[in-house]
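Numbering (the working numbering), first residue to last: 18 to 179.
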């Protein structure tokens with residue numbers, strides 16, 4: 018009986034931890050905000066997540082902020098003159114039913130002037146400011162993500178607006 022209760026408790030802990038890293042406010046659903054661990058000497062980092070609009074009206078992510086960095090901006094990677102470059106974007110469009118994916122190598126939140134090292138297993142708060150949904154505070158988990166086996170991260174579509 019004790020073993021059964023221990024297994025039941027472990028299953029409950031797994032189920033609640035799987036959903037504990039998602040955030041919902043109004044029609045906006047933020048899924049699994051994360052960042053990579055970095056060496057202590059790193060001055061810049063990035064945060065990633067998936068944003069889903071479950072409503073019928075479009076919204077826009079217009080800014081971000083965090084005490085973990087002096088400055089946080091919405092950025093995207095673009096190919097220019099045969100070189101991959103990073104550029105700030107004004108907003109991220111969050112269209113109903115169409116996920117906005119912030120991921121390595123694409124749209125992301127750039128953290129400039131880190132105030133603390135990004136250490137695996139730690140987390141930091143991040144505030145996402147939406148045009149319609151308002152401010153949503155999330156906790157960004159720091160961990161090394163899984164790769165697909167071919168040396169690449171798991172990818173999805175991304176979009177930006179301006």
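Note that CB positions come from ideal geometry on N, CA and C, so glycine has one too.
- If you draw a 10 Å sphere on the C-beta of residue 61, you find fewer than 16 other C-beta atoms in it, and that means exposed.
- In the structure shown, the three-state DSSP call for residue 104 is strand.
- Nearest to residue 67 by alpha-carbon distance, out of 119, 79, 43 and 158, is 119.
- Between residue 123 and residue 93, the beta carbon gap of about 6 Å places them in contact (Cβ cut-off 8 Å).
- Burial check for residue 81: the Cβ neighbour count within 10 Å reaches 16 or more, so the residue is buried.
- Under the DSSP definition of a beta bridge, residue 42 partners with 45.
- Non-local C-beta neighbours of residue 90 in its own chain, meaning closer than 6 Å and more than five positions away in sequence, comprise 105 and 127, ordered along the chain.
- For residue 110, the secondary structure class from DSSP, reduced to helix, strand or coil, is strand.
- According to the DSSP assignment, residue 76 belongs to the beta strand (DSSP E) that extends over 76-82.
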